[in-house]
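Visitor:
In this note's numbering, the protein residues as written are 989 to 1356.
Right under this line is the structure:
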């Protein structure tokens, strides 16, 4: 017979929203509160540890019978271990399956002796399935965005091919130069979209490698006229959203193109320096050459070309400050703008957190 205090304790346990199962020193189940009964769909007492799994139809997350010795309550009873937030499945008598998450701890008396163990648990079925659906939705979204970027890149390549075809049929020098410039700018945008695959995301571009490659390609196209070399100094990692990356790449390649075309008249050699510095709070990009410099008075009076408008539009597009310095020993353009991401690692972590770590608290404790 239960005394009044024991009856009171059982009533209190039944009021709890969390399931509670208590085992004695031998591991036999002596108490199952109402919440635990609802989760399991049954109550059976005096069940020893080696029969927990079969009696309550406990399964791993892979729908295999859960080895009784590996159950959280068994580990607390037999090994005196505390197991926190372990997941498992329960097949109820009506054949429905519940996802449970529970914590098991040994019960220690005042003398330090283990006199039993307690398992607290909760029904996480809805959350488990909701998170799986969310994970799948995120994967579908990523797949669709990759497909969109792939189609954009292919479309840009088609446009580039069309421009190239027209270029071969044009005789007028001004029209030919305009088509060459348009084709080059299209190729820059295409390369930016292609780099999305290299970083592994659909909206971030690693300009640390992309910009030097683009600039080297441009310099190579002008080496038939002048032996121009380019030196690159990259400090830190420059990670930009795709729209910012396109603007920056267009602006920088435009400045490098202008340097190749105009900085070294009547010279056989020339040198261009590209600095990418992302070690501070701002991103600093500097393009400088050792050419003849610019005539400031003439530059101020001349109408803006498309290249100049592209570079100027960058400042408005990404909040950049652009400064120019020129002298008889060369010209330098500096572009500064706030960072978008601290590092490639930060972007990668954000992506992984969204897509791959949603179910971490389920996977950490699942059986192999």
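Using N, Cα and C, we set each Cβ at its ideal position, and we do this for glycine too.
At a cut of 8 Å, does the region 1213 to 1230 reach the region 1246 to 1264 through at least three beta carbon pairs?
Guide: yes
Visitor: Excluding the five sequence neighbours on either side, which residues of its own chain have a C-beta within less than 8 Å of the C-beta of residue 1150, listed in chain order?
Guide: One-based indexing of the chain shown puts residue 1150 at position 162. Contacts found: none.
Visitor: Which residue marks the beginning of the beta strand (DSSP E) containing residue 1021, and which one marks its end?
Guide: Along the chain shown, one-based indexing puts residue 1021 at 33. Unbroken run through residue 1021: none, as it is neither H nor E.
Visitor: Which one or two residues does DSSP pair with residue 1311 in a beta bridge?
Guide: Residue mapping note: residue 1311 aligns to position 323 of the chain shown, counting from 1. Listed as beta-bridge partners of residue 1311 by DSSP are 1322.
Visitor: Anyone know if the C-beta pair for residue 1007 and residue 1036 falls short of 7 Å?
Guide: As a working note, residue 1007 is residue 19 in the chain shown. As a working note, residue 1036 is residue 48 in the chain shown. No. Outside cutoff.
Visitor: Going by C-alpha distance, which of 1254, 1192, 1250 is nearest residue 1226?
Guide: The residue given as residue 1226 occupies position 238 in the chain shown. Among 1254, 1192, 1250, the Cα nearest to that of residue 1226 belongs to 1192.
Visitor: Quick one: what's residue 1275 bridged to in DSSP?
Guide: One-based indexing of the chain shown puts residue 1275 at position 287. DSSP, once it has assigned bridges, lists 1262, 1321 as partnering residue 1275.
Visitor: Taking the beta carbon of residue 1290 as the centre, do at least 16 other beta carbons fall within 10 Å, making it buried, or is it exposed?
Guide: On the chain shown, position 302 is the one that residue 1290 refers to. In this prediction, residue 1290 has a pLDDT of 47, which is less than 50 and means its spatial position is unreliable; nothing more can be read from the coordinates.
Visitor: Strictly by DSSP, which residues pair up with residue 939?
Guide: It is not possible to answer for residue 939, since the shown part of the chain is limited to 989 through 1356.
Visitor: Helix, strand or coil, according to DSSP, for residue 1220 in the structure here?
Guide: The count along the chain shown starts at 1 and reaches residue 1220 at position 232. Secondary structure of residue 1220 (DSSP, three-state): strand.
Visitor: Tell me whether the beta-carbon of residue 1323 lies closer than 7 Å to the beta-carbon of residue 1308.
Guide: For the purposes of this step, residue 1323 is taken as residue 335 along the chain shown, with counting starting at 1. For the purposes of this step, residue 1308 is taken as residue 320 along the chain shown, with counting starting at 1. Taking 7 Å as the Cβ cut-off, residue 1323 and residue 1308 qualify as a contacting pair.
Visitor: Give the DSSP-derived three-state secondary structure of residue 1047 in the structure shown.
Guide: Sequence index remark: in the chain shown, residue 1047 carries index 59 (1-based). Of the three classes helix, strand and coil, the one that applies to residue 1047 here is strand, per DSSP.
Visitor: Just to confirm, are residue 1180 and residue 1215 a CB contact at a threshold of 7 Å?
Guide: Against the chain shown, residue 1180 aligns to sequence position 192. Against the chain shown, residue 1215 aligns to sequence position 227. In this structure, residue 1215 does not lie closer than 7 Å to residue 1180 by Cβ.
Visitor: Tell me which residue opens and which closes the alpha helix (DSSP H) that residue 1060 is part of.
Guide: Translated into the one-based positions of the chain shown, residue 1060 becomes position 72. From DSSP, the alpha helix (DSSP H) with residue 1060 extends over 1060 to 1067.
Visitor: Is the separation between the beta-carbon of residue 1039 and that of residue 1031 shorter than 7 Å?
Guide: Translated into the one-based positions of the chain shown, residue 1039 becomes position 51. Translated into the one-based positions of the chain shown, residue 1031 becomes position 43. The Cβ-Cβ distance between residue 1039 and residue 1031 does not fall below 7 Å.
Visitor: In three-state terms, what does DSSP make of residue 1331?
Guide: If you number the chain shown from 1, residue 1331 lands on position 343. Its pLDDT being 47, under 50, residue 1331 is placed unreliably in this model, and the value from its coordinates should be taken loosely. Coil at residue 1331, not helix or strand.
Visitor: Specify the secondary structure class of residue 1077 as computed by DSSP and reduced to three states.
Guide: Within the chain shown, residue 1077 is the residue found at index 89, counting from 1. Three-state result, residue 1077: strand.
Visitor: Closest by CA to residue 1296, which one among 1029, 1245, 1268, 1088?
Guide: Reading the chain shown from its first residue, position 308 is the one you call residue 1296. Minimum Cα distance to residue 1296 is reached at 1245.
Visitor: Taking residue 1145 as the reference, give the member of 1173, 1305, 1251 with the closest Cα.
Guide: For this step, residue 1145 is matched to residue 157 along the chain shown. When each option's Cα is compared against that of residue 1145, the closest is 1173.
Visitor: Nearest to residue 1224 by CA position, among 1165, 1272, 1020, 1118, is which residue?
Guide: Position 236 of the chain shown, counted from the first residue, corresponds to residue 1224. That would be 1272, whose Cα lies nearest to the Cα of residue 1224.
Visitor: Smallest Cα separation from residue 1079: which of 1087, 1073, 1205?
Guide: Taking the first residue of the chain shown as position 1, residue 1079 is located at position 91. Closest option to residue 1079, Cα to Cα, is 1087.
Visitor: Could you name the residues of the same chain whose beta carbon sits closer than 6 Å to that of residue 1142, not counting the 5 residues immediately before and after it, in chain order?
Guide: As a working mapping, residue 1142 is identified with position 154 in the chain shown. Result list for residue 1142: empty, nothing under 6 Å.
Visitor: Looking at the strands, I want to know which residues DSSP matches up with residue 1282.
Guide: Position 294 of the chain shown, counted from the start, is the residue given in the question as residue 1282. Answer is none; residue 1282 lacks a bridge partner.
Visitor: Return yes when the Cβ of residue 1010 is within less than 7 Å of the Cβ of residue 1018, no when it is not.
Guide: Taking the first residue of the chain shown as 1, we reach residue 1018 at position 30. Taking the first residue of the chain shown as 1, we reach residue 1010 at position 22. Contact flag set, yes.
Visitor: Using 7 Å as the threshold, is the C-beta distance between residue 1252 and residue 1279 below it?
Guide: As a position in the chain shown, residue 1252 is number 264, starting the count at 1. As a position in the chain shown, residue 1279 is number 291, starting the count at 1. In this structure, residue 1279 lies closer than 7 Å to residue 1252 by Cβ.
Visitor: Taking only three categories from DSSP, how would you classify residue 1094?
Guide: Counting from one through the chain shown, the residue named residue 1094 turns up at place 106. Strand, per DSSP.
Visitor: Tell me, which residues are paired with residue 1215 by DSSP?
Guide: The residue you call residue 1215 lines up with position 227 of the chain shown. In the DSSP output, where bridge partners are listed per residue, residue 1215 has 1257.
Visitor: When the distance is taken between beta carbons, is residue 1176 closer than 7 Å to residue 1237?
Guide: As a position in the chain shown, residue 1237 is number 249, starting the count at 1. As a position in the chain shown, residue 1176 is number 188, starting the count at 1. Yes, the pair counts as a contact, with Cβ atoms nearer than the cut-off.
Visitor: Give me the Cα-Cα distance between residue 1154 and residue 1148, rounded to the nearest whole angstrom.
Guide: Here residue 1154 refers to the residue found at position 166 when the chain shown is read from its first residue. Here residue 1148 refers to the residue found at position 160 when the chain shown is read from its first residue. Those two C-alpha atoms are separated by around 10 Å.
Visitor: Quick one, are the C-beta atoms of residue 1092 and residue 1061 less than 7 Å apart?
Guide: Locating residue 1092 in the chain shown gives position 104, counting from the first residue. Locating residue 1061 in the chain shown gives position 73, counting from the first residue. Yes. Within cutoff.
Visitor: Is the region 1089 to 1107 in contact with the region 1119 to 1129, if contact means three or more CB pairs nearer than 8 Å?
Guide: As far as the Cβ criterion goes, the region 1089 to 1107 does not touch the region 1119 to 1129, which means the pair count is below three.
Visitor: Go ahead and pull the three-state DSSP assignment for residue 1029.
Guide: Walking along the chain shown from the start, residue 1029 turns up at place 41. Coil, per DSSP.
Visitor: Since residue 1057 is in the beta strand (DSSP E), which residue starts that stretch and which ends it?
Guide: As a position in the chain shown, residue 1057 is number 69, starting the count at 1. From DSSP, residue 1057 is part of no beta strand (DSSP E); its letter is neither H nor E.
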